[in-house]
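Colleague:
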DNA sequence: CAAGGTTTGCAACATTATAACATTTGCAGG
DNA sequence: CCTGCAAATGTTATAATGTTGCAAACCTTG
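Residue numbers (this note's numbering), protein chains in the order written: chain L, -13 to 149; chain G, -13 to 149.
#1: Any beta carbon from chain L within less than 8 Å of residue 132 of chain G's own beta carbon?
#2: State the Cα-Cα distance for the pair residue 150 of chain L and residue 29 of chain L, rounded to the nearest angstrom.
#3: Decide if residue 74 of chain G is buried, meaning its Cβ has at least 16 other Cβ atoms within 10 Å, or exposed.
#4: Mind checking residue 150 of chain G: buried by the 16 CB within 10 Å criterion, or exposed?
#5: At 3 residues or longer, what runs of the beta strand (DSSP E) sit wholly inside the region 29 to 86 of chain G?
#6: Could you check what DSSP says for residue -4 of chain L in three-state terms: helix, strand or coil?
#7: Count the other CB atoms within 10 Å of the CB of residue -4 of chain L; is the residue buried (16 or more) or exposed (fewer)?
#8: Taking 8 Å as the CB-CB limit, is residue 105 of chain L close to chain G?
#9: Just how far apart, CA to CA, sit residue 41 of chain G and residue 81 of chain G?
#10: From what residue to what residue does the alpha helix (DSSP H) around residue 115 of chain L run?
#11: Under 8 Å, Cβ to Cβ, is there at least one residue of chain G near residue 68 of chain L?
#12: Between the C-alpha atoms of residue 72 of chain L and residue 121 of chain L, what's the straight-line distance to the nearest angstrom?
#13: Going straight from the alpha carbon of residue 143 of chain G to that of residue 53 of chain L, what length do you get?
And the structure:
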């Protein structure tokens, strides 16, 4: 099924990661933002994991590779990466995931599989529009949208059957 | 402007609270669930506040009225109330708010004012449908939707101007 | 009342996030 | 070059949020 979204198919994830890093470097250069080694490494760690990583997961990985890091190190890097739209925070998981639409203006919609933990980020203008319409019907001025859908991804639905 | 949603207008909030409590009692009775004094008091405290309350805010109020409570007391009550759809957890705030559509099956959409902290819960089937369509286009099976919109409520938009 | 499940009390602990302040680094202007 | 400022990082401590495990109290229901 080639129409299935990327994270749900086998693929060369290393290529994903290096593509994301290259893009991040480009975006930061364009905006005169400094993608320092720590920030870049945090971004890479987050991309390497196929599931969202908690801040303390990132911290543990940094520590295990000899980086002398404390919580603020990680949170600051994450703040930076979020600011430039390179990672997203998943509020319902207290975790972070690489942005798959970096650079584009968008409100992400996250499909979070409760079984395998994978997250797929969508950019659906129809959804955004519906939300904005509902908000403006109440004269509410939206600034940030958090939209996270928990459920079962295609692969894990299949697994349910032969258990 | 009488079309403006209730939380944004002055109103007798005590009446809201007692209405919500009465409804909660009815729902619990119907489902053979025990709305014990602690649970009821927690629900009441949450409703009395016009902003979402953190678990530790609830705990502090309980403590201040002589209730010998610890964190688990509050979290257990909140779990119960969530389970019966009487309160919602706002993931982006780590806080809880009374459900204004208790008893009805729904996925809430929350409009959260960043200035005054008020939260309006909407039930918009058009939004839900758009989300479900986007999910099923990816063969994803949704189970729970977290939808929280941060921004400015009508009142606080007005306040912006004469500052 | 006796048995069994549900609810609560309680202590300790785990996880997530921030504050405050010192130090280092990168870089623009003299 | 160097100096001085802003940005970034290091470091320590602490705050805020949430959980585990076990024992005691409490309803129900036979």
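Ideal Cβ positions, reconstructed from N, Cα and C, are used throughout, including at glycine.
Modeller: Reading it off the structure:
#1: Here residue 132 of chain G refers to the residue found at position 146 when the second chain is read from its first residue. Among the residues facing chain L, residue 132 of chain G is included, as its CB has a counterpart in that chain under 8 Å away.
#2: Nothing can be reported for residue 150 of chain L: it is not among the residues displayed for chain L, which extend from -13 to 149.
#3: Residue 74 of chain G sits at position 88 when you count from the first residue of the second chain. Buried, because 16 or more other Cβ atoms sit within 10 Å of the Cβ of residue 74 of chain G.
#4: Any answer about residue 150 of chain G is impossible in this case: the structure gives chain G only from -13 up to 149.
#5: 73 to 76, 81 to 84
#6: In the first chain, counting from the first residue as 1, residue -4 of chain L sits at position 10. Residue -4 of chain L falls in the coil class under three-state DSSP.
#7: Along the first chain, read from residue 1 onward, the residue named residue -4 of chain L stands at position 10. Result: exposed.
#8: Stepping through the first chain from its first residue, residue 105 of chain L is reached at position 119. For residue 105 of chain L, the answer is no, since every Cβ of chain G falls outside 8 Å of its Cβ.
#9: In the second chain, counting from the first residue as 1, residue 41 of chain G sits at position 55. In the second chain, counting from the first residue as 1, residue 81 of chain G sits at position 95. About 7 Å.
#10: Taking the first residue of the first chain as 1, we reach residue 115 of chain L at position 129. Per DSSP, residue 115 of chain L belongs to the alpha helix (DSSP H) from 111 to 123.
#11: Taking the first residue of the first chain as 1, we reach residue 68 of chain L at position 82. Chain G contact via Cβ: absent.
#12: One-based indexing of the first chain puts residue 72 of chain L at position 86. One-based indexing of the first chain puts residue 121 of chain L at position 135. Rounded to the nearest angstrom, the two C-alpha atoms are 27 Å apart.
#13: Here residue 143 of chain G refers to the residue found at position 157 when the second chain is read from its first residue. Here residue 53 of chain L refers to the residue found at position 67 when the first chain is read from its first residue. Here the alpha carbons of residue 53 of chain L and residue 143 of chain G stand approximately 46 Å from one another.
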